[in-house]
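Chemist: Residue numbers (our numbering): 34 to 264. We treat Cβ as the ideally placed atom computed from N, Cα and C, and that holds for glycine.
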């Protein structure tokens with residue numbers, strides 16, 4: 034993971050800006066006062082929420098992304114998401130940016146969800162966002178799962194595609210500015226198993242969206258899977 038994020042760190046904000054839809058979504062969905070931003074990257078969401086008056090703790094594993102955040106005056110701690118039980122409790126825990134699938138396997142995903150539940154105050158909220166892998170499995174041809182939408186603007190060109198390996202992992206292939214190629218392994222997580230795990234752990238009031246505009250989630254067509262769940 035470090036090699037991938039190190040290679041795109043300087044262009045990260047051009048690739049993944051904080052959109053107006055993000056701001057409207059989190060204005061409505063963040064619960065309470067204390068927030069944990071898991072996989073905070075260069076700190077854009079953290080900075081926004083802090084500006085709104087929230088007490089935000091931000092963590093990430095990529096030294097390069099943390100350095101970019103630091104350069105903008107945003108404090109992000111270097112910490113593995115599986116170590117959130119070393120932190121205080123929070124009213125809201127956020128895990129977006131397809132961060133959760135970077136865990137090694139489904140057991141680790143369930144471990145994180147259990148730890149997130151335990152680190153939430155009563156009535157606290159978990160907000161998850163990842164790629165809707167079901168859409169890509171539905172269009173599988175051989176081991177090719179399809180291309181993700183091209184990200185191209187005056188600052189960056191970022192090409193992305195998904196492939197399936199023999200162990201059931203998704204190989205995330207990227208080309209940055211037509212020169213920097215990388216591969217990253219992802220653990221696919223499907224909506225039905227995710228909601229089942231959340232319910233078994235004790236989360237309630239689960240809501241699924243297909244994007245940050247809160248359009249309904251459709252496993253066949255939605256680009257994203259966004260889940261909110263309450264303790």
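1) Taking the runs of the alpha helix (DSSP H) that are 4 residues or longer, which of them lie wholly in the stretch 96-159?
2) Pick out the complete beta strand (DSSP E) segments inside the stretch 204-228, 3 residues or longer, and give them in chain order.
3) Assuming residue 197 and residue 173 are in contact, meaning their beta carbons sit under 8 Å apart, how far apart are those beta carbons, in whole angstroms?
4) Quick check: what's the CA-CA separation for residue 246 versus residue 192?
5) Would a C-beta distance cut-off of 7 Å place residue 98 and residue 78 closer than the cut-off?
6) Could you tell me the distance, in whole angstroms, from the CA atom of residue 124 to the CA atom of residue 155?
7) Mind checking who residue 193 pairs with in its DSSP beta bridge?
8) Could you give the distance in angstroms between the alpha-carbon of residue 218 and the alpha-carbon of residue 126?
9) For residue 174, does the three-state DSSP call read helix, strand or coil?
10) Quick check on the burial criterion: 16 or more other C-beta atoms within 10 angstroms. Buried or exposed for residue 93?
11) How would you write the range of the alpha helix (DSSP H) that residue 79 sits in, first residue to last?
12) Compute the Euclidean distance between the alpha carbons of residue 146 and residue 208, then round it to the nearest angstrom.
13) With DSSP collapsed to three states, give me the class of residue 91.
14) Is it right to say residue 256 is buried, meaning 16 or more other beta carbons lie within 10 angstroms of its own, or is it exposed?
15) Between residue 80 and residue 240, what straight-line distance do the alpha-carbon atoms span, to the nearest angstrom?
16) Do you know offhand how far residue 85's Cα is from residue 63's?
17) Please classify residue 90 as buried or exposed, where buried requires at least 16 other C-beta atoms within 10 Å of its C-beta.
18) Over the uninterrupted alpha helix (DSSP H) stretch that includes residue 262, give me the two end residues.
19) Going by Cα to Cα distance, which pick from 104, 128 and 109 is closest to residue 261?
Modeler: Quick answer:
1) 96-104 and 139-152
2) 213-219
3) 7 Å
4) 24 Å
5) no
6) 8 Å
7) 181 and 207
8) 24 Å
9) strand
10) buried
11) 77-84
12) 31 Å
13) strand
14) exposed
15) 26 Å
16) 11 Å
17) buried
18) Per DSSP, residue 262 belongs to no alpha helix (DSSP H); it is in the beta strand (DSSP E), 257-263.
19) 128
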